[in-house]
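Note that the protein sequences, when read in sequence, are chains A and B.
Residues 1 to 294 in my numbering are what the first sequence lists, from first letter to last.
Residues 1001 to 1146 in my numbering are what the second sequence lists, from first letter to last.
In what follows, a single structure is set out as C-alpha cells and then discussed.
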Amino acid sequence: MRKNKISFINLYPLTFLSLFLTNFAFGQMIRDDLLSLDNREDFGNYLFCQKDYLRAIDEFNFVLREKWNDTLQYKVGSSYFYMEKYSDAMNSYEKLFSSRLNSEEAKLEYYRSLFFIGDYGKFRERFVAVYFPKSYETELNRLKAYSYFMDDSELPTETELIANFETHDIKRITQFYNWKKDPPYKSPTKAAIMSAIIPGLGKVYADEIGDGITSFLLTGLFIYLAVDKFQSDQNTGAWLFTALAAFFYGGNIYGSAAAVQNYNASIKFSFDSDVSFYLNKRNHFLPKPKYLCK
Amino acid sequence: MNIIVIIILSTGIIFAQTDWEKWDKTDINYEIQVRKDQSSSDDNSSVGSVILRGLQDSYSFLISDVDGDNCPFYPSCSNFYIESIQETNIFQGTLMFADRFTRDSNLYKGKTHYPHHSSGKYFDPTYNYYLKQNEVHFYSRVKIVE
C-alpha cells in the first residue's frame, strides 16, 4: 500500500511537465491562428465599425501589404476621412482610381475630401482632371457651385450657378447668391460722417443704439459745460471741459466707423453660418458615403 | 442617569475643543497682490513706453487696487489703452480708448452684445478696432472665448 502511494507521488512531476508542454504547443497554434490575415481583417473591420480608425488603419495596412483588396483600401481612405485627415484620405482614395470595383466611389470621396480641406479654388480647378468621376458629375457640380459662397472668388452668373440644383433648393441658393453678390454691408465712412454731424448717430446707424445715446449724452454734457464755463469767464475749467468734449467727440467718430466694421463682420459671420448649416443639412449635395459597417 | 448625562456633556466638551482652532488668530497678509496683467515688466524700454507703463502702474496702484476690479471688459480699459497705443500710435490709441470708455459708460450692454471671456467678463479685443476690416474677428456669442 505504502509503495503504491510513493509511485503515485513520483508521477506528479511527469504529469505536470506533460501538461505544461502541451499547453505551450497548443498555445502556439492558437497564436498563429489569431494573427492570420483573415483575423486581422476582421479585427480591422471591427475597429473601423467601433470608430477606432487609427488602429483599424494599422490592421488594414498590414493585410494590404500581403494581399490587395479594394474595399480595405477604400476603408483606409474612409478612416482618414473620418479622422479629418483629408490629405491622407485623398492619397488613399487615389490608389483606387484605376481599380475595377470602387473606382467611381473613390473618385467621389477624393473630391469630397478635397472640398473638406477648404481650398475651394483648388477644388474647382480639379474639375477638368482626367479622373473626374462622370457618374457623379451633377452632384459634384452642385458642390462646385455652392463653393462660391464659401470663399471670396468671383461669382459666376446666377443662371450658371443655379443650373444644377433641384427645384426645392433654388429659392435658398438664390438668396445666398443675392447676398453674396450684393452683401448688405454698411459704410464706415458714412457712420463717421453721421457721428461728426450728430454725436452718436453713426453708432445708431451701426445698430449700437445704447452706445449712440451714451456718446450723445457724454459729448453733449461736456460741450454744454465748456460753453457754460466760457460764458462765465472760467477759462481753465472751460478748456478742461473742451478737451474732454473733444476726447469723446473724436472717440465717437472713430468708434462709429469701428462699430460699422464690427457690424459687417457680424453679418458676414451670420451668412457663413447659414451657408455651412444648409450645406450640412443637404449633406453637401452628395450621396452619403458608402455604408461600410454591417 | 447622572453618569449618562456626565458622559454626554464631557464628550461634547472634548469634541468642542477641536472647533476652537478656527477662532484662533491668523496672520493676515496686507501686501497688495500685483496681477499678472498689471506687471510693469516690459521689454520695450522707449521713453514713451516707460511713461505709459508708469501711468498705468500709478493708476493700478492708486485707483484700481483700491476701487477693485470693476471693468466689465477683458482686456480691462487701462490694458486696452496700452495695447492700442502699442499696436497703433498715440493718437489712434487715444481715440480707441475714448470709444471704449464710452462703450463702458453705456449701461445697456446686453448679455449677447459682446462675446464672453473665460474670466467671466465681456471679451472686447483691441484688434477689432484698428479700422482694418480684414482683422475684425466676430466671435460666436454662445461660446466662451479662452
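Just so it is clear, CB atoms sit at the ideal spot from N, CA and C, and this is done for glycine as well.
For clarity, every value in this text was computed on a predicted model and none was experimentally measured.
Bridge partners of residue i, per DSSP?
| i | result |
| --- | --- |
| B/His1117 | B/Val1145 |
Beta carbon of residue i, beta carbon of residue j: below 8 angstroms?
| i | j | result |
| --- | --- | --- |
| A/Phe62 | A/Leu292 | no |
| B/Tyr1122 | B/Tyr1074 | yes |
| A/Ala304 | A/Thr242 | Residue 304 of chain A lies beyond the residue range present for chain A, which begins at 1 and ends at 294; the question has no answer from this structure. |
| A/Tyr74 | A/Asn45 | no |
| A/Gly121 | A/Ser153 | yes |
| A/Ser79 | A/Tyr110 | no |
| B/Thr1112 | B/Glu1083 | no |
| A/Pro156 | A/Tyr148 | yes |
| A/Ala297 | A/Gly200 | There is simply no residue 297 of chain A to check, as chain A begins at 1 and stops at 294 in what is shown. |
| A/Lys144 | A/Phe132 | no |
| A/Gly251 | B/Thr1102 | yes |
| A/Asp211 | A/Ala259 | yes |
| A/Ala106 | A/Tyr93 | yes |
| A/Tyr177 | A/Glu160 | no |
| A/Ser215 | A/Phe248 | yes |
| A/Tyr254 | B/Leu1095 | yes |
| A/Ala245 | A/Phe269 | no |
| A/Ala129 | A/Ser113 | no |
Consider the Cβ of residue i: report whether some Cβ of chain B lies at a distance smaller than 8 angstroms.
| i | result |
| --- | --- |
| A/Asn283 | no |
| A/Ser215 | yes |
| A/Asn69 | no |
| A/Phe149 | no |
| A/Ser266 | yes |
| A/Leu240 | no |
| A/Asn164 | no |
| A/Gly220 | no |
| A/Asn141 | no |
| A/Asp211 | yes |
| A/Tyr254 | yes |
Identify whether residue i lies in helix, strand or coil by the three-state DSSP scheme.
| i | result |
| --- | --- |
| A/Phe165 | coil |
| A/Tyr131 | coil |
| B/Phe1123 | strand |
| B/Tyr1074 | strand |
| A/Gly200 | coil |
| B/Ser1039 | Confidence in B/Ser1039 is poor, its pLDDT being 49 and thus under 50, which makes the residue's placement unreliable; the coordinate value appears in the next sentence. The answer is coil: DSSP assigns B/Ser1039 none of H, G, I, E or B. |
| A/Ser147 | helix |
| B/Gly1110 | coil |
| A/Pro188 | helix |
| A/Val76 | helix |
| B/Asn1029 | coil |
| A/Met1 | Any answer about A/Met1 is weak, because its pLDDT of 47 lies below 50 and its placement is not dependable; what the coordinates show is given next. Coil. |
| A/Phe97 | coil |
| A/Ala206 | coil |
| B/His1137 | coil |
| A/Thr157 | coil |
| B/Gln1092 | helix |
| A/Lys288 | coil |
| A/Lys51 | coil |
Using only the alpha-carbon positions, how far apart do residue i and residue j sit?
| i | j | result |
| --- | --- | --- |
| A/Thr296 | B/Ser1140 | Beyond the ends of chain A as shown, which are 1 and 294, falls residue 296 of chain A; an answer cannot be given. |
| B/Ser1064 | B/Leu1055 | 12 angstroms |
| B/Ser1040 | B/Glu1146 | Bear in mind that the predicted position of B/Ser1040 carries a pLDDT of just 49, short of 50, making it too unreliable to give a figure here. |
| A/Asn164 | B/Asn1134 | 33 angstroms |
| A/Ile267 | A/Tyr185 | 8 angstroms |
| A/Lys51 | B/Leu1062 | 59 angstroms |
| A/Leu35 | A/Arg282 | 43 angstroms |
| A/Asp207 | A/Thr138 | 42 angstroms |
| A/Glu41 | A/His168 | 43 angstroms |
| B/Gly1110 | B/Ser1060 | 28 angstroms |
| B/Asp1124 | B/Asp1104 | 11 angstroms |
| A/Arg172 | A/Asn280 | 14 angstroms |
| A/Trp179 | B/Lys1143 | 26 angstroms |
| A/His284 | A/Ile57 | 26 angstroms |
| B/Ser1049 | B/Ile1090 | 11 angstroms |
| B/Tyr1150 | A/Leu108 | As shown, chain B starts at 1001 and ends at 1146. That puts residue 1150 of chain B outside it, with no answer to give. |
With a threshold of 8 angstroms between beta-carbons, can residue i be considered close to chain A, or not?
| i | result |
| --- | --- |
| B/Tyr1074 | no |
| B/Thr1102 | yes |
| B/Leu1055 | no |
| B/Ser1105 | yes |
| B/His1116 | no |
| B/Ser1039 | Here the model assigns B/Ser1039 a pLDDT of 49, short of 50, so the residue's position is not dependable, and the following value carries that caveat. Chain A, which has no Cβ nearer than 8 angstroms to the Cβ of B/Ser1039, makes this no. |
| B/Val1142 | no |
| B/Asn1128 | yes |
| B/Leu1131 | yes |
| B/Leu1095 | yes |
| B/Asp1069 | no |
| B/Tyr1059 | no |
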